[in-house]
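Enquirer: Starting off with a structure, shown below.
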Amino acid sequence: MREEMAQREAAELRRGQRRPRSPHGWGLLEALWLLAFYEPVVTEGHLRRKNLEFIFIRFSAWEFAGCDKLWAGLVTTLCHHVRQHFGALPLSVFHVLGSRPRFASGFSQREWILKKGTCLRLWGLLLVLAVGIAILLVALLVPGIKDHHALKVVGSAVASLSGSSLVLGALSILKNFLVSEKKKIERLTNSDRFAGQLGFMSKIREEVEVLVDYLAFMEVFERRRLRVVMEITSLDLCYPEKVAGVFNAMATLLSDANAPFIFLLAVDPSVIVPCLEQTGCMKGLADNGYLYLNRAVTLPFSIPEMGARSRLRSVAAAIQTREDLMYRIIADNVAKTRGGGCGGGGCGAVAPAPSWKEADSEAVAWIHEAFRCLHDASDVLSRYLPENGANVRRIVNTIPITLRLLLHRAAAGGAGTVAELSPRAAAAWVVLADRWPCRLSWTLQCLEDAGQGHAAEHSGRSLWSVFQEHAGELSALRQPLGKVLSLDADPELFQAFLARDFPFGAGEARQLLGVTVNLDHSIRQQMGLLRAMARLGRAAPVSRGVQCVPHGA
Numbered sequence: 003m004r005e006e007m008a009q010r011e012a013a014e015l016r017r018g019q020r021r022p023r024s025p026h027g028w029g030l031l032e033a034l035w036l037l038a039f040y041e042p043v044v045t046e047g048h049l050r051r052k053n054l055e056f057i058f059i060r061f062s063a064w065e066f067a068g069c070d071k072l073w074a075g076l077v078t079t080l081c082h083h084v085r086q087h088f089g090a091l092p093l094s095v096f097h098v099l100g101s102r103p104r105f106a107s108g109f110s111q112r113e114w115i116l117k118k119g120t121c122l123r124l125w126g127l128l129l130v131l132a133v134g135i136a137i138l139l140v141a142l143l144v145p146g147i148k149d150h151h152a153l154k155v156v157g158s159a160v161a162s163l164s165g166s167s168l169v170l171g172a173l174s175i176l177k178n179f180l181v182s183e184k185k186k187i188e189r190l191t192n193s194d195r196f197a198g199q200l201g202f203m204s205k206i207r208e209e210v211e212v213l214v215d216y217l218a219f220m221e222v223f224e225r226r227r228l229r230v231v232m233e234i235t236s237l238d239l240c241y242p243e244k245v246a247g248v249f250n251a252m253a254t255l256l257s258d259a260n261a262p263f264i265f266l267l268a269v270d271p272s273v274i275v276p277c278l279e280q281t282g283c284m285k286g287l288a289d290n291g292y293l294y295l296n297r298a299v300t301l302p303f304s305i306p307e308m309g310a311r312s313r314l315r316s317v318a319a320a321i322q323t324r325e326d327l328m329y330r331i332i333a334d335n336v337a338k339t340r341g342g343g344c345g346g347g348g349c350g351a352v353a354p355a356p357s358w359k360e361a362d363s364e365a366v367a368w369i370h371e372a373f374r375c376l377h378d379a380s381d382v383l384s385r386y387l388p389e390n391g392a393n394v395r396r397i398v399n400t401i402p403i404t405l406r407l408l409l410h411r412a413a414a415g416g417a418g419t420v421a422e423l424s425p426r427a428a429a430a431w432v433v434l435a436d437r438w439p440c441r442l443s444w445t446l447q448c449l450e451d452a453g454q455g456h457a458a459e460h461s462g463r464s465l466w467s468v469f470q471e472h473a474g475e476l477s478a479l480r481q482p483l484g485k486v487l488s489l490d491a492d493p494e495l496f497q498a499f500l501a502r503d504f505p506f507g508a509g510e511a512r513q514l515l516g517v518t519v520n521l522d523h524s525i526r527q528q529m530g531l532l533r534a535m536a537r538l539g540r541a542a543p544v545s546r547g548v549q550c551v552p553h554g555a
């Protein structure tokens, strides 16, 4: 959008159009003069202008989630950023003296028309003020007239009335300068006495209309079109009624056909739709949240599937946020000293179990080795990275914790097969737990149930064979586990991950489970309870004919 702004600006200048101006510096004085004494006119030339300016505003709904009226937070954010962009003084003067642009009659190119009524009133007040001051001075200074108190009263009254009108106008400007639109709306929303009255929304609407009129005025002044682009994020983290309130606020702001607003709604429809269906805004739409979104959103844009390069850029951006690891500097030093990457099994090198003192220093090398494996396009592990940036950041934040716990367990004496694991394997395990939490939890629960008392017999089995053996049982429980199953990624990728690329065994799974922090263990507990209830249901018909015999008999 910024590139579009620059291209259109250059094209307008090449056409010989006048340069845009700004209400800052010397332009502020010109803007104040036009605000006070001139009325803007929308001409044919103005409508033909192609250059425009986007005013970008970011609104994180999560920041206002604790407010009773989330939509009021959206309006206050809008007013605050517009006031900040143009300056407080021009907007304050517009509240008192400004007027909305009117359309030109015919093909006239005059963009500014003198406010004759305002000028006449101002000159009349100044003239009356001068007459009053002159009478007062005559009554006070001219000999022989000093004793006439009536003349003094008349002069004082005339000067006071005319001067008070000018002072009241200046005080109104000062009041709007000190009390912003944001403070006015916050004061209205905090007033319990006023919030319940019917005029509450009309007051908010009036503030928004003044803002729209001011933007229309600044379009003519700056000689370009203005569009306020509001990016709404984190809406899927709020309560359902708050989500519906934001949609209502957007509908209110866009109700005017000439409103210069563009809303970019960055949400996950699978989360927003149930929120909308739980509120009363769906009445008349057959409780269909997707139908409501189709009517509210005028330009849907679903993010396409992320390519390999985009995934690697997402990983690189997430890794660079780990300032405690100093990724760029330390990774280069480790690469120089070790002289290897992820290719050719470099990431699969077996490291000895360090001592407690060496664990922290060794962890840095392990962490960067794991990160290089994630960031290496030739490594198969990078193909399993999620497309969601939030999930990528979770994986990047989890890998250091997992590797540190793994090394500290080895230093504490629990080496065993821990020493046989590599940073690449640990990183792959973190990715597995993040992408397929339900299927991995089911496999681990089945392994735990089958290995109780016979752990040695099952230590050589692969996780994929365990999952294949009990896949039918998971399919039978898909209804109670439906919400958990929806967390998993593509099942075919899960098969390729465990059966071909990373064939984790039961022994490795038991060792890594002790350091796994990104897998919800309550899922396994729920699965264990469902399996136990299913076994009881199968055993119930067999035990009907069994009679309890007293111990004494």
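Numbered by my numbering, the letters in the sequence shown go through residues 3 to 555 in order.
Cβ coordinates follow ideal geometry from the N, Cα and C atoms, glycine included.
None of these values were measured; they are calculated from a predicted model.
1. Between the alpha carbons of G165 and L127, how many angstroms are there, rounded?
2. Taking the alpha carbon of V519 as the reference point, which residue from Q86, A318, I403 and V382 has its own alpha carbon closest?
3. Whole angstroms is fine: what's the gap from V44's alpha carbon to N53's?
4. Could you please give the first and the last residue of the uninterrupted beta strand (DSSP E) stretch that includes Y386?
5. Consult DSSP for P356 and reduce its assignment to one of helix, strand or coil.
6. Under three-state DSSP, which class holds L30?
7. What does a CB cutoff of less than 7 Å around S204 pick up in its chain, not counting 5 residues either side in sequence?
8. With a cut-off of 8 Å, do at least 3 Cβ pairs link the region 222-231 to the region 263-272?
9. Quick one: what does DSSP say Y241 is sitting in, helix, strand or coil?
10. How many whole angstroms separate the CB atoms of P25 and F88, which I take to be in contact at a CB cut-off of 8 Å?
11. Can you have a look at E371 and say buried or exposed, based on whether 16 or more other CB atoms are within 10 angstroms of its CB?
12. Confirm, please, whether the CB-CB distance from A38 to L99 is below 8 Å.
13. In three-state terms, what does DSSP make of M3?
14. When burial is assigned at 16 or more other CB atoms within 10 Å of the CB, is C121 buried or exposed?
15. By alpha-carbon positions, which one of R20, A259, L446 and L129 ends up nearest to R512?
16. With a cut-off of 8 Å, do at least 3 Cβ pairs link the region 475-486 to the region 522-535?
17. Per DSSP, what kind of secondary structure is F249 in: helix, strand or coil?
18. Identify, in the order they occur along the chain, each residue of the same chain with its Cβ nearer than 6 Å to the Cβ of R60, setting aside the five sequence neighbours on each side.
19. Take the Cβ of K184 as the centre, count every other Cβ of all protein chains shown within 10 Å, and call the residue buried at 16 or more, exposed below.
20. Within 10 angstroms of the Cβ of M535, are there 16 or more other Cβ atoms? Answer buried if so, exposed if not.
21. Report yes if the C-beta distance between A218 and P103 is below 8 Å; otherwise report no.
22. Should V214 and D238 be called a contact, given that it needs their Cβ atoms to be closer than 8 Å?
23. Output the distance between the C-alpha atoms of R189 and I321, rounded to the nearest integer angstrom.
24. Report buried or exposed for H523, applying the criterion of at least 16 other Cβ atoms within 10 angstroms of its Cβ.
25. Tell me whether the beta-carbon of V299 lies closer than 8 Å to the beta-carbon of L408.
26. With 16 other CB atoms within 10 Å as the buried threshold, where does R374 fall?
Expert: Working from what's here:
1. As a first step, residue 165 must be located in the sequence shown, where it is residue number 163. As a first step, residue 127 must be located in the sequence shown, where it is residue number 125. Taken atom to atom, the span from the alpha-carbon of G165 to that of L127 is near 8 Å.
2. Along the sequence shown, read from residue 1 onward, the residue named residue 519 stands at position 517. When each option's Cα is compared against that of V519, the closest is I403.
3. Numbered from 1 along the sequence shown, position 42 holds the residue referred to as residue 44. Numbered from 1 along the sequence shown, position 51 holds the residue referred to as residue 53. If you draw a straight line from the Cα of V44 to the Cα of N53, it is about 15 Å long.
4. As a working mapping, residue 386 is identified with position 384 in the sequence shown. If you look at Y386, you'll find it isn't in any beta strand (DSSP E); DSSP assigns it neither H nor E.
5. Here residue 356 refers to the residue found at position 354 when the sequence shown is read from its first residue. Because the pLDDT of P356 is 47, which lies under 50, any placement of that residue in the model is unreliable, and the number read from its coordinates should be weighed accordingly. Reduced to three states, the DSSP call for P356 is coil.
6. Position 28 of the sequence shown, counted from the first residue, corresponds to residue 30. Residue state, collapsed to three classes: helix.
7. For the purposes of this step, residue 204 is taken as the residue at position 202 of the sequence shown. There are no such residues.
8. Touching, per the Cβ criterion.
9. Start at 1 with the first residue of the sequence shown, and residue 241 comes out as number 239. Annotated three-state conformation of Y241 is coil, per DSSP.
10. For the purposes of this step, residue 25 is taken as the residue at position 23 of the sequence shown. For the purposes of this step, residue 88 is taken as the residue at position 86 of the sequence shown. With a Cβ gap of about 6 Å, P25 and F88 count as contacting.
11. Counted from its first residue, the sequence shown places residue 371 at position 369. Here E371 is buried, its C-beta having at least 16 other C-beta atoms within 10 Å.
12. Walking along the sequence shown from the start, residue 99 turns up at place 97. Walking along the sequence shown from the start, residue 38 turns up at place 36. In contact: L99 and A38 (Cβ atoms closer than 8 Å).
13. By 1-based counting over the sequence shown, the position of residue 3 is 1. In this structure, M3 counts as coil in the three-state DSSP scheme.
14. As a position in the sequence shown, residue 121 is number 119, starting the count at 1. Its Cβ having fewer than 16 others within 10 Å, C121 is exposed.
15. Translated into positions along the sequence shown, residue 512 becomes position 510. Among R20, A259, L446 and L129, the Cα nearest to that of R512 is on L446.
16. Output reads yes: the region 522-535 touches the region 475-486.
17. Within the sequence shown, residue 249 is the residue found at index 247, counting from 1. In the structure shown, F249 sits in a helix (DSSP, three-state: H, G or I).
18. Sequence index remark: in the sequence shown, residue 60 carries index 58 (1-based). Here R60 has E233 as same chain residues with Cβ atoms under 6 Å from its own Cβ, once five neighbours each way along the sequence are excluded.
19. Here residue 184 corresponds to residue number 182 of the sequence shown, with the count starting at 1. Taking all protein chains in view, the Cβ of K184 is crowded by 16 or more other Cβ atoms within 10 Å, so the residue is classified as buried.
20. Reading the sequence shown from its first residue, position 533 is the one you call residue 535. Answer is exposed; the Cβ neighbour count stays below 16.
21. Walking along the sequence shown from the start, residue 218 turns up at place 216. Walking along the sequence shown from the start, residue 103 turns up at place 101. Less than 8 Å divides the Cβ of A218 from the Cβ of P103.
22. Here residue 214 refers to the residue found at position 212 when the sequence shown is read from its first residue. Here residue 238 refers to the residue found at position 236 when the sequence shown is read from its first residue. The beta carbons of V214 and D238 sit no closer together than 8 Å.
23. Along the sequence shown, one-based indexing puts residue 189 at 187. Along the sequence shown, one-based indexing puts residue 321 at 319. Each residue's alpha carbon lies about 43 Å from the other.
24. Here residue 523 corresponds to residue number 521 of the sequence shown, with the count starting at 1. An exposed status is given to H523, since fewer than 16 other beta-carbon atoms sit within 10 Å of its beta-carbon.
25. Within the sequence shown, residue 299 is the residue found at index 297, counting from 1. Within the sequence shown, residue 408 is the residue found at index 406, counting from 1. No.
26. Here the question's residue 374 lines up with position 372 in the sequence shown. Counting Cβ neighbours within 10 Å, R374 comes out buried, since at least 16 surround it.
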